[in-house]
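Numbering (the working numbering), first residue to last: 582 to 1081.
For each residue, glycine too, the CB sits at the ideal point set by N, CA and C.
See below for the structure under consideration.
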Ligand SMILES: Cc1cc2nc3c(=O)[nH]c(=O)nc-3n(C[C@H](O)[C@H](O)[C@H](O)COP(=O)(O)OP(=O)(O)OC[C@H]3O[C@@H](n4cnc5c(N)ncnc54)[C@H](O)[C@@H]3O)c2cc1C
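Here it is as structure tokens:
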């Protein structure tokens, strides 16, 4: 066998969430290998400072890092998230849930969704998400993580976290330090190349240059390495997802502590509400063709349920992704690689995927390009899946009350989404897609929540006794309500877990 040496020095540019998540994982994975990891962050260029709602994979990420959940939550002002409550999306006054976890269980070996669909066609079922534990708990403001050794009817719930992005970065910084990640606070002013075009070293304004074999560009929207140095293009997806800015502000905490994110549709976009232990995060995501920055600030402040803690600030963004996430000896992670608006809280998931896929495909010194191509293929699929899922929330709306919503009726949607919707509309089937972050129940929750029902159901469910199925559905709903009623509130659960 040839001596295909492993890479020995990794340099991460950027100390936002992407930089510190990458440093934490690389530091841990490379422990004992002799490889060095250096993270450089500028004292003058701030981080984006948002990114507070997550999907359940973030809890898996903490497990991979062996970080105790309660410790992380105590240090980051965190709360639990059972899903998202969508208001005003289908039409004004309308609400639905996108809960995590599973909904129902197969009946007579047929998918629960199909059994539910037949009952719904007969007008004899509640909302699809009424049959899942996470929505049942969220509705009541309750929370509980079932003991895997003692399964019950709430066992198939799913949960994620809300937390303070700044405190999370601080936590991961301390964690990375225990794995000998070298930390430099300095600004990169120049990027040097090898004769064949790879990145060789970063020159800093007040520190000797830092050289490395492999570079992770976590420099945020500046994309200093992947774009400025290596000229990899950004593919804009504004035609599919037109929102391009957010007004953001924190407010006093609410009286209750909802175990879910809220996403409320507005005249020119939508508004989020993310409850933390001691404050609430708020943002109005809008498209500047339909709403000025001032109007967005005013609309956000007018909608707050509690007093704002500061003046709203505006963050601009361009929806899209890098043509290649990995080019030469540089990987784009976080906002430098792309951004899909925060409707389904997927930013940190994509960071986690970017770095986990990299670790799984860790190159050696003679990597020929095949590894890079496979990595880029996998990341393209991740971005496209999430893009389709987000577009689906908008294109199924029936709102006609403002130019923003009226224009959605005529907007082109990706061909891949067109195909998914056509298959679903026929008999409620979904395109098989093992790499989709959003499992079948997520698609069903949002599609049925938006009032999109298939024309027919899968006729194989006719083999089941209909009266029995109908009774089973009613029992699932009743038993979920009963079990949820016994639980403590989200706030009480947190206080006990975190010893507050
Ligand atoms: C409005 C909005 C809402 C969002 N909401 C969510 C959400 O709810 N959930 C979610 O998962 N994601 C969300 N995201 C995405 C999430 O915020 C980002 O994916 C995440 O914060 C990663 O940012 P980053 O680390 O790539 O960039 P940044 O936070 O911008 O960090 C960039 C870093 O690079 C450094 N840097 C830049 N240039 C230089 C230089 N020349 N020299 C040295 N250092 C340099 C900076 O100092 C900084 O440390 C949201 C994003 C936006 C815009």
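Pull up the distance between the alpha-carbon of residue i and that of residue j, whole angstroms please.
i: residue 1041; j: residue 967; result: 31 Å
i: residue 678; j: residue 1031; result: 10 Å
i: residue 962; j: residue 671; result: 28 Å
i: residue 904; j: residue 794; result: 22 Å
i: residue 860; j: residue 835; result: 8 Å
i: residue 564; j: residue 843; result: Residue 564 lies beyond the stretch modelled for the chain, which goes from 582 to 1081, so this question has no answer here.
i: residue 977; j: residue 1033; result: 7 Å
i: residue 604; j: residue 615; result: 15 Å
i: residue 772; j: residue 987; result: 46 Å
i: residue 863; j: residue 778; result: 43 Å
i: residue 784; j: residue 950; result: 27 Å
i: residue 915; j: residue 928; result: 7 Å
i: residue 808; j: residue 913; result: 9 Å
i: residue 622; j: residue 1076; result: 35 Å
Exposed or buried, residue i, counting other C-beta atoms within 10 Å across all chains shown (16 or more means buried)?
i: residue 993; result: exposed
i: residue 600; result: buried
i: residue 586; result: exposed
i: residue 1080; result: exposed
i: residue 730; result: exposed
i: residue 705; result: exposed
i: residue 831; result: buried
i: residue 612; result: exposed
i: residue 852; result: buried
i: residue 902; result: buried
i: residue 819; result: exposed
i: residue 974; result: buried
Does at least one heavy atom of ligand 1 sit under 8 Å from the Cβ of residue i?
i: residue 832; result: no
i: residue 1051; result: no
i: residue 591; result: no
i: residue 803; result: yes
i: residue 633; result: yes
i: residue 1156; result: The structure shown does not extend to residue 1156, since the chain is modelled only from 582 to 1081, so the question has no answer here.
i: residue 930; result: yes
i: residue 923; result: yes
i: residue 971; result: no
i: residue 768; result: yes
i: residue 853; result: yes
i: residue 872; result: no
i: residue 920; result: yes
Return the first residue and the last residue of the beta strand (DSSP E) that residue i is part of.
i: residue 788; result: From DSSP, residue 788 is part of no beta strand (DSSP E); its letter is neither H nor E.
i: residue 662; result: 660-662
i: residue 798; result: 795-798
i: residue 867; result: 861-867
i: residue 911; result: 911-913
i: residue 764; result: 763-766
i: residue 634; result: First-last for residue 634: undefined, no H or E at that position.
Alpha helix (DSSP H) containing residue i: first to last residue?
i: residue 1088; result: Lying outside 582 to 1081, the shown extent of the chain, residue 1088 is not represented and no answer is given.
i: residue 1055; result: 1047-1066
i: residue 959; result: 951-976
For my contact list, residue i and residue j are in at a C-beta cut-off of 8 Å; report their separation, rounded to the angstrom.
i: residue 681; j: residue 740; result: 6 Å
i: residue 743; j: residue 634; result: 5 Å
i: residue 588; j: residue 946; result: 6 Å
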